[in-house]
Amino acid sequence: MISTLTFDVTRQGLLDISAELSTVVREAGLEEGLCTLFIQHTSASLLIQESYDPSARRDLESWLNRLVPENDPFYTHTLEGPDDMPAHIKAALTASSVSIPVIAGELALGAWQGVYLWEHRHKPGRRRVLVHLT
Amino acid sequence: MISTLTFDVTRQGLLDISAELSTVVREAGLEEGLCTLFIQHTSASLLIQESYDPSARRDLESWLNRLVPENDPFYTHTLEGPDDMPAHIKAALTASSVSIPVIAGELALGAWQGVYLWEHRHKPGRRRVLVHLT
Amino acid sequence: MISTLTFDVTRQGLLDISAELSTVVREAGLEEGLCTLFIQHTSASLLIQESYDPSARRDLESWLNRLVPENDPFYTHTLEGPDDMPAHIKAALTASSVSIPVIAGELALGAWQGVYLWEHRHKPGRRRVLVHLT
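Next comes the structure, spelled out in structure tokens:
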């Protein structure tokens, strides 16, 4: 009912996790229901986004980096590095959990949708996403 | 358990889908449970927002248009028109899925809450929202 | 299956509701499942965020106040006070619902995660959060 997906992330940006997620759904043998993702971190988040054209994802990453820049003199929470406070803000502006219906044994994503883990830190690390199926 | 709502959207902005959603809940005869919406698009999103005063929704739309303007020289993903990349960014900043409890056979919305489909493109089109009830 | 948590909020900002939420989960005796929160307001929202260092939460609050300032000449919806329209915008940029898996009878939050009610108005008031367990 609940699985844990682990991702070794190597850089800031969007990581497509659609395939790993589809595997969890198929192996569970769920025909119709709901798949809920939850990310156990506050400097990475979840996103449903355009999966076709990589330029859309690059623009999205750049846009958010411009909205929430590093080294803003405004920040007081700087002990963990210049990318830490922007990472928390970016996570707050995006999603910690997302729910996707399952139909005919597959995630019912739209034609152009993919599921992404959005890593907001630079340094490589391990990220955990819980997957609840019902 | 899963229904599909289809909306023919004619313009950019917030479309109240509360009535259609309430109908799905009532027809399902669900007394108590959870209603989860998922939008199958990446240039439209879902929003719970103030339903009473239309000026709040207009200001919200205008504010987001100012934060994410069209024709930003920054964008490289421009092939699908000047409103496409802003639409993806706006969708990323708002919700792809939202869950609302059902109590006594009705969506347990607050007194001033409505459920909206937020269309981020200008051109008319058909949008699909999946509704999962449990 | 559905509980209502009520909070008497006294000021704008993040209010940690993790303890109240954990109590609901424990009293329900749910061993494994999903906990979904829904806030019945459009000028307050829900957030999963860093629970360890209060400076991260202060920076987050200040950053959002700078992005969505009061008294923007742009607003037309001003009848309910200068903090009302910013509150609706902030709620739209954050979450109305969030789902957290339950494992071994506890909310499966990450090591540094807390659950917050984000009050966007200044004046004290009562806020209601519905908790659905399955």
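Residue numbers (the numbering used here), protein chains in the order written: chain R, 1 to 134; chain B, 1001 to 1134; chain S, 2001 to 2134. Glycine included, every Cβ here is placed at the ideal spot set by N, Cα and C.
Spatial neighbours of I2100/S within its chain, please: C-beta separation below 6 Å, excluding the five flanking residues on both sides.
The sequence position of residue 2100/S within the third sequence is 100, counting from 1. Once the five neighbours on either side are set aside, the close Cβ partners of I2100/S are C2035 and L2107.
Pick from I103/R, D53/R and V68/R that is closest to D16/R, judged by C-alpha positions:
The count along the first sequence starts at 1 and reaches residue 16/R at position 16. Checked all of I103/R, D53/R and V68/R; the closest Cα to D16/R is D53/R.
Our contact map puts D1008/B next to R1126/B with C-beta atoms below 8 Å; I'd like the distance itself, whole angstroms only.
Position 8 of the second sequence holds residue 1008/B. Position 126 of the second sequence holds residue 1126/B. Going by Cβ atoms, the distance from D1008/B to R1126/B rounds to 6 Å, so yes, they are a contact pair.
Using a threshold of 9 Å, state whether the C-beta atoms of A91/R and H122/R are closer than that.
Here residue 91/R is taken as the residue at index 91 of the first sequence, counted from 1. Here residue 122/R is taken as the residue at index 122 of the first sequence, counted from 1. Contact: no.
Check distances from the C-beta atoms of the region 2094-2123 of chain S to those of chain B and list, in chain order, the residues that come in under 8 Å.
Listed by position along the chain: A2095, S2096, S2097 and S2099.
First and last residue of the beta strand (DSSP E) that includes S2097/S?
Indexing the third sequence from 1 puts residue 2097/S at position 97. Start and end: S2097 to I2103.
Other residues of its chain near A1104/B: CB distance less than 8 Å, five sequence neighbours each side excluded
Position 104 of the second sequence, counted from the start, is the residue given in the question as residue 1104/B. Contacts found: E1031 and E1032.
Flag this pair as yes or no: are the beta carbons of V2115/S and V2098/S separated by less than 9 Å?
Counting from one through the third sequence, the residue named residue 2115/S turns up at place 115. Counting from one through the third sequence, the residue named residue 2098/S turns up at place 98. For V2115/S and V2098/S, yes; Cβs fall inside 9 Å.
Residue from E1061/B, V1025/B, R1066/B and E1050/B with nearest C-alpha to R942/B:
Chain B is shown from 1001 up to 1134; residue 942/B falls before or after that span and cannot be answered.
Mind listing the chain R neighbours of I1089/B? Cutoff is C-beta to C-beta under 7 Å, in chain order.
Along the second sequence, read from residue 1 onward, the residue named residue 1089/B stands at position 89. L60 and W63, listed in chain order.
Which residue comes first and which comes last in the beta strand (DSSP E) that contains H132/R?
Numbered from 1 along the first sequence, position 132 holds the residue referred to as residue 132/R. G125 to L133 is the span of the beta strand (DSSP E), which, as asked, contains H132/R.
Cα-Cα separation, S2043/S to S2018/S:
Start at 1 with the first residue of the third sequence, and residue 2043/S comes out as number 43. Start at 1 with the first residue of the third sequence, and residue 2018/S comes out as number 18. If you take the alpha carbons of S2043/S and S2018/S, they lie about 20 Å apart.
Own chain partners of G2013/S with C-beta closer than 7 Å, once the 5 adjacent residues on each side are dropped
For this step, residue 2013/S is matched to residue 13 along the third sequence. Once the five neighbours on either side are set aside, the close Cβ partners of G2013/S are E2061 and E2119.
Among D1084/B, R1026/B and L1046/B, which has the Cα closest to the Cα of N1071/B?
Numbered from its first residue, the second sequence carries residue 1071/B at position 71. Selected option, being the one with the closest Cα: D1084/B.
Checking 9 Å against the spacing of the C-beta atoms, do L1130/B and I2089/S come in under that value?
To locate residue 1130/B, count along the second sequence from 1; it is residue 130. To locate residue 2089/S, count along the third sequence from 1; it is residue 89. No, they are not a contact pair.
Per DSSP, the bridge partner or partners of Y1116/B
Indexing the second sequence from 1 puts residue 1116/B at position 116. D1016/B and L1047/B.
To which residues does DSSP link D2008/S through a beta bridge?
As a working mapping, residue 2008/S is identified with position 8 in the third sequence. Note: D2008/S sits in a beta bridge opposite R2126/S.
Simplified DSSP assignment, three categories, for L2109/S
Here residue 2109/S refers to the residue found at position 109 of the third sequence. L2109/S falls in the coil class under three-state DSSP.
Answer yes or no: does any C-beta atom of chain R fall closer than 9 Å to that of R2066/S?
The count along the third sequence starts at 1 and reaches residue 2066/S at position 66. Interface annotation, R2066/S: in contact with chain R, CB-CB separation under 9 Å.
For A1092/B, go through chain R and note every residue whose CB falls closer than 7 Å to its CB, in chain order.
Locating residue 1092/B in the second sequence gives position 92, counting from the first residue. In chain order: L47, Q49, L60 and T94.
So, with DSSP's three-state summary, where would you put I1030/B?
In the second sequence, residue 1030/B corresponds to position 30, counting from 1. Ile is not the amino acid found at residue 1030/B; the sequence shown has Leu there. Three-state result, L1030/B: coil.
Provide the residue(s) that pair with T36/R in DSSP beta bridges, ordered along the chain.
By one-based count along the first sequence, residue 36/R stands at place 36. The partner list for T36/R (beta bridge, DSSP) reads S99/R and H132/R.
Strictly below 9 Å CB to CB, what residues from chain B border F2007/S?
For the purposes of this step, residue 2007/S is identified with residue 7 of the third sequence, where counting begins at 1. In chain order: nothing, as chain B lies at least about 14 Å away.
Against chain B, does D2016/S count as a neighbour if the rule is that its beta carbon must be under 9 Å from one of theirs?
Reading the third sequence from its first residue, position 16 is the one you call residue 2016/S. False, the Cβ-Cβ gap to chain B never drops below 9 Å.
Taking Cβ-Cβ distances shorter than 7 Å, what residues in chain S pair up with S1055/B?
For the purposes of this step, residue 1055/B is taken as the residue at position 55 of the second sequence. Here the neighbours are T2076 and H2077.
For T1134/B, would you say it is in contact with chain S, using Cβ-to-Cβ distances shorter than 9 Å as the test?
Residue mapping note: residue 1134/B aligns to position 134 of the second sequence, counting from 1. For T1134/B, the answer is yes, since a Cβ of chain S falls inside 9 Å of its Cβ.
For the region 30-43 of chain R, list every residue whose C-beta sits within 9 Å of some C-beta in chain B, in sequence order.
E32, G33, L34 and T36
Mind checking if D1084/B is an interface residue toward chain R, Cβ cutoff 9 Å exclusive?
Here residue 1084/B refers to the residue found at position 84 when the second sequence is read from its first residue. Closer than 9 Å: yes.
Status (buried if at least 16 other CB within 10 Å, exposed otherwise) for L79/R
Start at 1 with the first residue of the first sequence, and residue 79/R comes out as number 79. Label assigned to L79/R: exposed.
Counting only beta-carbon separations shorter than 9 Å, does L130/R have a partner in chain S?
Along the first sequence, read from residue 1 onward, the residue named residue 130/R stands at position 130. Closer than 9 Å to some Cβ of chain S, the Cβ of L130/R qualifies, so yes.
Run the CB neighbour count on R2057/S, radius 10 Å, all protein chains shown included, and call it buried at 16 or more, exposed below.
By one-based count along the third sequence, residue 2057/S stands at place 57. R2057/S is buried by the Cβ-count criterion.
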